[in-house]
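Straight run, no breaks: the sequence shown in the numbering used here ends on number 304. Heads up: the structure comes next, in structure tokens.
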Amino acid sequence: MRCLDLAVSPGFSWPNRQVEIPFEGYRVVLQPRRQGPDDEAELTATVSVFDTNGTSFEVWGTVASRFLSRLAWSHNGGVVELFAVGSNFPEKPGRLGQGTYQRSGWAQVEPWDFIYLPAADNQEADLALGLFREGMSVNSAPFAFLSYFKVLNIHHGGGAAQKNWINDNLHRIWYRPALDRLVEVQKAEADVGRYLYEEGRCAVAHAHGTPLVNPDSYTDRRRMEGDLKLMRELAALFIETEFGVLSDSSYWKSLREGGSPKTELLRKVVQEDGRVVYVPEQLSA
Numbered sequence: 020m021r022c023l024d025l026a027v028s029p030g031f032s033w034p035n036r037q038v039e040i041p042f043e044g045y046r047v048v049l050q051p052r053r054q055g056p057d058d059e060a061e062l063t064a065t066v067s068v069f070d071t072n073g074t075s076f077e078v079w080g081t082v083a084s085r086f087l088s089r090l091a092w093s094h095n096g097g098v099v100e101l102f103a104v105g106s107n108f109p110e111k112p113g114r115l116g117q118g119t120y121q122r123s124g125w126a127q128v129e130p131w132d133f134i135y136l137p138a139a140d141n142q143e144a145d146l147a148l149g150l151f152r153e154g155m156s157v158n159s160a161p162f163a164f165l166s167y168f169k170v171l172n173i174h175h176g177g178g179a180a181q182k183n184w185i186n187d188n189l190h191r192i193w194y195r196p197a198l199d200r201l202v203e204v205q206k207a208e209a210d211v212g213r214y215l216y217e218e219g220r221c222a223v224a225h226a227h228g229t230p231l232v233n234p235d236s237y238t239d240r241r242r243m244e245g246d247l248k249l250m251r252e253l254a255a256l257f258i259e260t261e262f263g264v265l266s267d268s269s270y271w272k273s274l275r276e277g278g279s280p281k282t283e284l285l286r287k288v289v290q291e292d293g294r295v296v297y298v299p300e301q302l303s304a
């Protein structure tokens, strides 16, 4: 198999025409959701991964997913994977029908001038970005909460260490919705780390005993939706501070303060034939 086409539903603005992006030695092509005059049906947004040497479906799928986790992190929005198709025709990306699959509610825009694709230097950082994308993509507040909490579990196996890390880093929360939720929780809970661990993480993961989160209880649902804002920010903070993977805003701040672009920053280049390709910024000057 020489390429994989993956249908997706992005949770952020997607390019409105085909673009090519280098990623870990592979050629990745993004296509928009579209319906041309010769198309019988609407075509879904896709991510295609190419390598003329070929490889297995599992390797292709892993590469595509890891690429999406980095793109989702830099754009601060989830990406739902709809279905994947393998191919032995690497000359051009596939055309996958939208059908009744989930459509993105986000606008399609002119290809980004720059793309920040963070480098993850180890398997733990890879896992953290994957869990964070899972949390942003899943349509369930309790399960999203659990995905974010599992980011902390990568470094801290025990509950005590996880609770301590939360309590030690609450002062770093600045995003207003998360900060507002923190203030609400602190009115009733002196130990926020304990609350998020026992009444959040454990209550979602287990159904025997109490506390637990009942999926049919709107009281539980609304509480989890509120706590999700706080847990998402804590997970993002953990990824930045523990794994050194900067958010998009932190990365651009580092450049404004005199940092040098690395291969993580890609610039849009329009070729003579009209193709849109991205190249590392440090190589494009």
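Where a beta carbon is used, it is the ideal one built from N, C-alpha and C, also for glycine.
Got a sec? Which residues, its chain only, sit under 8 angstroms from P34 by beta carbon, not counting five neighbours each side? Along the sequence shown, one-based indexing puts residue 34 at 15. So the qualifying residues of the chain are L49, P51, Q127, V128, E129, P130, W131, V295.
If I'm right that V211 touches I185 with Cβ under 8 angstroms, what's the distance once you round it to whole angstroms? Against the sequence shown, residue 211 aligns to sequence position 192. Against the sequence shown, residue 185 aligns to sequence position 166. Rounded, the Cβ-Cβ distance is 6 angstroms, consistent with contact.
G245 - containing beta strand (DSSP E), residue span: Taking the first residue of the sequence shown as position 1, residue 245 is located at position 226. From DSSP, G245 is part of no beta strand (DSSP E) but of the alpha helix (DSSP H) over 237 to 262.
Would DSSP call Q117 helix, strand or coil? To locate residue 117, count along the sequence shown from 1; it is residue 98. Three-state result, Q117: coil.
Just curious, the beta strand (DSSP E) that V288 is in, first and last residue? Taking the first residue of the sequence shown as 1, we reach residue 288 at position 269. Element bounds for V288: 284 to 289.
Option in Q121, G149, E59 with minimal Cα separation from A83: Here residue 83 refers to the residue found at position 64 of the sequence shown. Of Q121, G149, E59, the residue nearest in Cα terms is G149.
Between the stretch 136 to 144 and the stretch 60 to 71, do three or more beta carbon pairs fall short of 8 angstroms? no
How is G293 classed by DSSP in three states: helix, strand or coil? As a working note, residue 293 is residue 274 in the sequence shown. If DSSP states are grouped into helix, strand and coil, G293 belongs with coil.
Coarse secondary structure for P196, derived from DSSP in three states: Counting from one through the sequence shown, the residue named residue 196 turns up at place 177. DSSP places P196 in helix when its eight states are reduced to three.
Determine the direct distance from the alpha carbon of E208 to that of A103, and round the result to whole angstroms. The residue you call residue 103 lines up with position 84 of the sequence shown. The residue you call residue 208 lines up with position 189 of the sequence shown. Looking at the two C-alpha atoms, the distance is approximately 45 angstroms.
Look at the alpha carbon of R251 and the alpha carbon of P161, and state the distance between them as a whole number of angstroms. For the purposes of this step, residue 251 is taken as the residue at position 232 of the sequence shown. For the purposes of this step, residue 161 is taken as the residue at position 142 of the sequence shown. So the alpha carbons of these two residues sit roughly 12 angstroms apart.
Given L231, which residues of its chain have a CB within under 6 angstroms of its CB, disregarding the five upstream and five downstream residues? Taking the sequence shown and counting its residues from 1, one reaches residue 231 at position 212. So the qualifying residues of the chain are A222.
Could you give the first and the last residue of the continuous beta strand (DSSP E) run that contains Y216? Here residue 216 corresponds to residue number 197 of the sequence shown, with the count starting at 1. Careful: Y216 lies outside any beta strand (DSSP E) and carries neither H nor E.
Endpoints, beta strand (DSSP E) assigned at S67: Against the sequence shown, residue 67 aligns to sequence position 48. 65 to 69 is the extent of the beta strand (DSSP E) around S67.
Host beta strand (DSSP E) of A139 (start-end): Start at 1 with the first residue of the sequence shown, and residue 139 comes out as number 120. That residue, A139, is in no beta strand (DSSP E); it is neither H nor E in DSSP.
Three-state secondary structure assigned by DSSP to D267: The residue given as residue 267 occupies position 248 in the sequence shown. Three-state result, D267: helix.
Taking its Cβ as the centre, do 16 or more other Cβ atoms sit within 10 Å of Y135, making it buried, or is it exposed? Along the sequence shown, read from residue 1 onward, the residue named residue 135 stands at position 116. It is buried - the Cβ of Y135 has at least 16 other Cβ atoms within 10 Å.
Can you tell me whether DSSP reads I185 as helix, strand or coil? As a first step, residue 185 is located in the sequence shown; it is residue number 166 there, counting from the start. Note: I185 maps to helix in three-state DSSP.
Could you spell out the range, first to last residue, of the beta strand (DSSP E) harbouring F102? Counting from 1 along the sequence shown, the entry for residue 102 is found at position 83. First-last of the beta strand (DSSP E) with F102: 98 to 106.
So, does the stretch 154 to 172 touch the stretch 252 to 259, judging by three or more C-beta pairs under 8 angstroms? yes
Relative to the C-alpha of N107, which residue among F42, H227, R36, D24 is closest? Taking the first residue of the sequence shown as position 1, residue 107 is located at position 88. Comparing Cα positions, the closest option is D24.
Can you find a CB in chain D that lies within less than 9 angstroms of the CB of M20? Any reference to chain D falls outside this structure, which holds one protein chain only.
Buried or exposed by the 16-neighbour rule on C-beta atoms within 10 Å, applied to D57: Numbered from 1 along the sequence shown, position 38 holds the residue referred to as residue 57. Taking every protein chain shown into account, the CB of D57 has fewer than 16 other CB atoms within 10 angstroms, so this residue is exposed.
Identify the continuous alpha helix (DSSP H) that holds P161 and give its terminal residues. Numbered from 1 along the sequence shown, position 142 holds the residue referred to as residue 161. Its alpha helix (DSSP H) spans residues 160 to 172.
Within 10 angstroms of the Cβ of W79, are there 16 or more other Cβ atoms? Answer buried if so, exposed if not. Counted from its first residue, the sequence shown places residue 79 at position 60. Buried, because 16 or more other Cβ atoms sit within 10 Å of the Cβ of W79.
Here's the rule: buried if 16 or more other CB atoms are within 10 angstroms of the residue's CB, otherwise exposed. What is Y297? In the sequence shown, counting from the first residue as 1, residue 297 sits at position 278. Buried is the call here.
So, at 8 angstroms on beta carbons, what are the nonlocal neighbours of R122 in its own chain, with the 5 sequence-adjacent residues on each side left out? As a position in the sequence shown, residue 122 is number 103, starting the count at 1. Within the same chain, R122 has close Cβ partners S28, R52.
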